[in-house]
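Colleague: One structure, pasted below without further comment.
Residue numbers (the UniProt record's numbering), protein chains in the order written: chain D, 1 to 198; chain Y, 1 to 198.
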């Protein structure tokens, strides 16, 4: 038989597991390649974790890929309360404050000192001032760019995002991996030439 | 400027990133708590990775949680070609063979020796004969059980799965964490008493 404290900690964790499931209802602004529907933030979170793992050798700085993956597993949890907003319009203090509150509420469901540990990791991701978070933030931009590049620039056109803004905002990819940005910047220039990014 | 080989390796990896996106179209047999739609295997993959991370202290054996998470990030990739089938009917050699071929096809898109590395990890997960894979396989069962427990036993009833089969198959959770199984087994017994598991 297991002691009551352990059983209780497991129960608390399972309540967290059920709560975070709501991330599957948060709708993002791009469509996965080949799909007619929009992506949700839970499947996006899986996608960026796997992308980070497979691109890890192209990070410019020494990174701890396992920390990066943990960061990316939780990076969007704040959207459960705050919702997702398109990056070109939304990196405001208000949005970020609402996400911080949301992450705290959800992590507080966990037993022990998980709240402190993972909230610090979330803040590190948001600040983007460490090698791990620079790389994580670079990778987080990759799937939406691929969605637009393979999807006729759907969300760029829908939200009327000009090429200057797309190039400027996504140049943060170079802070994590210059080579990755080199590849993607060339593709974006190609999109401009094709007329899908204006 | 980056050398051509590096740029090519990045291009290959990005093609993989686009290809694995198809996991977002693989429909599973349970519905996330509170949702009317079925879950897809991409959002499930995120959910089990986060579940594994937060339950890691309850593993009975010494595990490498980062290897466990990598395993779980790729554990369902074979379903892109083979599809998902309900576990109570489908752990057949044919299904597993089709998934193995599918995983190989997709991992072969990656540069370098990633195919060998990650296919070995996938096989380790499937075999379930190491501490890491025993724990990973235990955690992989948690969300579908929670979906049924919080969802009136929807998929049990739909597929007419008797309580004996549910208890027997999910007892594999005890191979990764006896305490976790203790909690979930008690809940399943509660579901039997409530009449949602027969």
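Idealized CB from N, CA, C, for every residue including glycine.
Does the stretch 74-83 of chain D come within contact of the stretch 99-109 of chain D, defined as at least 3 CB pairs closer than 8 Å?
Modeller: In short, these stretches touch, since the Cβ pair count reaches three.
Colleague: Classify residue 27 (chain D) as buried or exposed, calling it buried when 16 or more other Cβ atoms lie within 10 Å of its own Cβ.
Modeller: Along the first chain, one-based indexing puts residue 27 (chain D) at 27. Classification for residue 27 (chain D): exposed.
Colleague: Considering only the alpha carbon of each residue, which of Y:31, Y:25, Y:17, Y:8 lies closest to residue 152 (chain Y)?
Modeller: Looking up residue 152 (chain Y) in the second chain gives position 152. Nearest option by C-alpha distance: Y:31.
Colleague: Over what stretch of residues does the alpha helix (DSSP H) that includes residue 97 (chain D) continue unbroken?
Modeller: Taking the first chain and counting its residues from 1, one reaches residue 97 (chain D) at position 97. Taken as a continuous stretch (DSSP letters only), the alpha helix (DSSP H) holding residue 97 (chain D) covers 93-107.
Colleague: Kindly indicate if chain Y contains any beta-carbon less than 8 Å away from that of residue 119 (chain D).
Modeller: For the purposes of this step, residue 119 (chain D) is taken as residue 119 along the first chain, with counting starting at 1. Output row for residue 119 (chain D): interface = no.
Colleague: Would you report the Cα separation of residue 101 (chain Y) and residue 95 (chain D), rounded to the nearest angstrom?
Modeller: Working through the second chain from its first residue, we reach residue 101 (chain Y) at position 101. Working through the first chain from its first residue, we reach residue 95 (chain D) at position 95. Between residue 101 (chain Y) and residue 95 (chain D), the C-alpha separation is close to 44 Å.
Colleague: Could you check if residue 1 (chain Y) is buried or exposed, using at least 16 other CB atoms within 10 Å of its CB as the buried criterion?
Modeller: Against the second chain, residue 1 (chain Y) aligns to sequence position 1. Answer is exposed; the Cβ neighbour count stays below 16.
Colleague: Taking C-beta to C-beta, are residue 139 (chain D) and residue 48 (chain D) nearer than 8 Å?
Modeller: Within the first chain, residue 139 (chain D) is the residue found at index 139, counting from 1. Within the first chain, residue 48 (chain D) is the residue found at index 48, counting from 1. The answer is yes: Cβ separation under 8 Å.
Colleague: Which residues in the same chain have their Cβ closer than 7 Å to the Cβ of residue 128 (chain Y), if we skip the five residues on either side of it in sequence?
Modeller: The residue labelled residue 128 (chain Y) in the question sits at position 128 within the second chain. Excluding sequence neighbours, residue 128 (chain Y) sits near 134, 137.
Colleague: Looking at the unbroken alpha helix (DSSP H) that takes in residue 1 (chain Y), where does it start and where does it end?
Modeller: Mapped onto the second chain, residue 1 (chain Y) falls at position 1. It is not in any alpha helix (DSSP H) - residue 1 (chain Y) carries neither H nor E in the DSSP assignment.
Colleague: Using a Cβ cut-off of 8 Å (strictly closer), state whether residue 84 (chain D) contacts chain Y.
Modeller: To locate residue 84 (chain D), count along the first chain from 1; it is residue 84. It does not; no Cβ of chain Y falls within 8 Å.
Colleague: Can you check the stretch 21-90 of chain D for any alpha helix (DSSP H) of at least 4 residues that lies completely inside it and give the ranges in chain order?
Modeller: Those alpha helix (DSSP H) runs which fall completely within the stretch 21-90 of chain D and span 4+ residues are 41-55, 65-74, 79-82, 87-90.
Colleague: In whole angstroms, give me the CA-to-CA distance for residue 176 (chain Y) and residue 121 (chain Y).
Modeller: Working through the second chain from its first residue, we reach residue 176 (chain Y) at position 176. Working through the second chain from its first residue, we reach residue 121 (chain Y) at position 121. Rounded to whole angstroms, residue 176 (chain Y) to residue 121 (chain Y) spans 17 Å at the Cα level.
Colleague: Going by C-alpha to C-alpha distance, which of Y:18, Y:145, Y:116, Y:93 sits closest to residue 190 (chain Y)?
Modeller: On the second chain, residue 190 (chain Y) is found 190 positions in, with the first residue counted as 1. Among Y:18, Y:145, Y:116, Y:93, the Cα nearest to that of residue 190 (chain Y) is on Y:145.
Colleague: Could you tell me the alpha carbon to alpha carbon distance between residue 186 (chain Y) and residue 118 (chain Y), rounded to whole angstroms?
Modeller: Your numbering for residue 186 (chain Y) matches position 186 in the second chain. Your numbering for residue 118 (chain Y) matches position 118 in the second chain. If you take the alpha carbons of residue 186 (chain Y) and residue 118 (chain Y), they lie about 36 Å apart.
Colleague: How about residue 7 (chain Y): is its C-beta nearer than 8 Å to some C-beta of chain D?
Modeller: The residue given as residue 7 (chain Y) occupies position 7 in the second chain. Yes, its Cβ sits closer than 8 Å to a Cβ of chain D.
Colleague: In three-state DSSP terms, what is residue 129 (chain D)?
Modeller: Here the question's residue 129 (chain D) lines up with position 129 in the first chain. The answer is coil: DSSP assigns residue 129 (chain D) none of H, G, I, E or B.
Colleague: Excluding the five sequence neighbours on either side, which residues of its own chain have a C-beta within less than 8 Å of the C-beta of residue 23 (chain D), listed in chain order?
Modeller: Sequence index remark: in the first chain, residue 23 (chain D) carries index 23 (1-based). The residues are 40, 41, 42, 45, 76, 77, 79, 80.
Colleague: Under three-state DSSP, which class holds residue 197 (chain Y)?
Modeller: Within the second chain, residue 197 (chain Y) is the residue found at index 197, counting from 1. Looking at residue 197 (chain Y) - three-state DSSP - the assignment turns out to be coil, as it is neither helix nor strand.
Colleague: Buried or exposed, going by whether 16 or more other CB atoms sit within 10 Å of the CB of residue 193 (chain Y)?
Modeller: By one-based count along the second chain, residue 193 (chain Y) stands at place 193. Counting Cβ neighbours within 10 Å, residue 193 (chain Y) comes out exposed, since fewer than 16 surround it.
Colleague: Taking the Cβ atom as the reference point for each residue, do residue 132 (chain Y) and residue 68 (chain Y) lie within a distance shorter than 8 Å?
Modeller: Counted from its first residue, the second chain places residue 132 (chain Y) at position 132. Counted from its first residue, the second chain places residue 68 (chain Y) at position 68. Contact flag set, yes.
Colleague: Under a three-way DSSP split, which group does residue 114 (chain D) fall into?
Modeller: Position 114 of the first chain, counted from the start, is the residue given in the question as residue 114 (chain D). Residue 114 (chain D) falls in the helix class under three-state DSSP.
Colleague: Using 8 Å for Cβ pairs, my map puts residue 142 (chain Y) next to residue 51 (chain Y). What's the rounded Cβ distance?
Modeller: Here residue 142 (chain Y) refers to the residue found at position 142 of the second chain. Here residue 51 (chain Y) refers to the residue found at position 51 of the second chain. That belief holds up - the Cβ atoms of residue 142 (chain Y) and residue 51 (chain Y) are roughly 6 Å apart, short of 8 Å.
Colleague: Give the DSSP-derived three-state secondary structure of residue 178 (chain D) in the structure shown.
Modeller: For this step, residue 178 (chain D) is matched to residue 178 along the first chain. Three-state result, residue 178 (chain D): helix.
Colleague: Just the Cα atoms here: how many angstroms apart are residue 112 (chain Y) and residue 13 (chain Y)?
Modeller: Taking the first residue of the second chain as position 1, residue 112 (chain Y) is located at position 112. Taking the first residue of the second chain as position 1, residue 13 (chain Y) is located at position 13. Taking the straight line from one Cα to the other gives about 10 Å.
Colleague: Please check if any C-beta of chain D sits within less than 8 Å of the C-beta of residue 193 (chain Y).
Modeller: Walking along the second chain from the start, residue 193 (chain Y) turns up at place 193. Residue 193 (chain Y) does not count as touching chain D.
Colleague: Counting only beta-carbon atoms, is residue 167 (chain D) nearer than 8 Å to chain Y?
Modeller: Position 167 of the first chain, counted from the first residue, corresponds to residue 167 (chain D). Answer no: the Cβ-Cβ gap between residue 167 (chain D) and chain Y never drops below 8 Å.
Colleague: Could you tell me whether the Cβ of residue 144 (chain Y) comes closer than 8 Å to any Cβ of chain D?
Modeller: Working through the second chain from its first residue, we reach residue 144 (chain Y) at position 144. No, residue 144 (chain Y) lies away from the interface with chain D (no Cβ there is under 8 Å from its Cβ).
Colleague: What are the start and end residues of the alpha helix (DSSP H) that includes residue 157 (chain D)?
Modeller: On the first chain, residue 157 (chain D) is found 157 positions in, with the first residue counted as 1. Start and end: 154-158.
Colleague: Just to confirm before moving on: does the CB-CB distance between residue 86 (chain D) and residue 29 (chain D) stay below 8 Å?
Modeller: Position 86 of the first chain, counting from 1, holds the residue named residue 86 (chain D). Position 29 of the first chain, counting from 1, holds the residue named residue 29 (chain D). In this structure, residue 29 (chain D) lies closer than 8 Å to residue 86 (chain D) by Cβ.
Colleague: Give the C-beta separation of residue 179 (chain Y) and residue 10 (chain D) to the nearest angstrom, bearing in mind that I take them to be a contact with Cβ-Cβ under 8 Å.
Modeller: For the purposes of this step, residue 179 (chain Y) is taken as residue 179 along the second chain, with counting starting at 1. For the purposes of this step, residue 10 (chain D) is taken as residue 10 along the first chain, with counting starting at 1. With 8 Å as the limit, residue 179 (chain Y) and residue 10 (chain D) qualify as a contact, their Cβ atoms being about 6 Å apart.
Colleague: Per DSSP, what kind of secondary structure is residue 162 (chain Y) in: helix, strand or coil?
Modeller: Position 162 of the second chain, counted from the start, is the residue given in the question as residue 162 (chain Y). Of the three classes helix, strand and coil, the one that applies to residue 162 (chain Y) here is coil, per DSSP.
Colleague: Skipping 5 residues on each side, what residues in its chain have a beta carbon closer than 7 Å to that of residue 173 (chain Y)?
Modeller: As a working note, residue 173 (chain Y) is residue 173 in the second chain. So the list reads 138, 141, 180, 181, 184, once near-sequence residues are dropped.
Colleague: Counting only the same chain and skipping the five closest in sequence on each side, list residues whose C-beta sits under 7 Å from that of residue 149 (chain D).
Modeller: Numbered from its first residue, the first chain carries residue 149 (chain D) at position 149. 187, 191, listed in sequence order.
Colleague: Considering only residues of the same chain and omitting the five flanking positions on each side of residue 161 (chain D), which have a CB-CB separation below 7 Å?
Modeller: Position 161 of the first chain, counted from the first residue, corresponds to residue 161 (chain D). Counting only Cβ-Cβ distances below 7 Å, and skipping sequence neighbours, we find 88.
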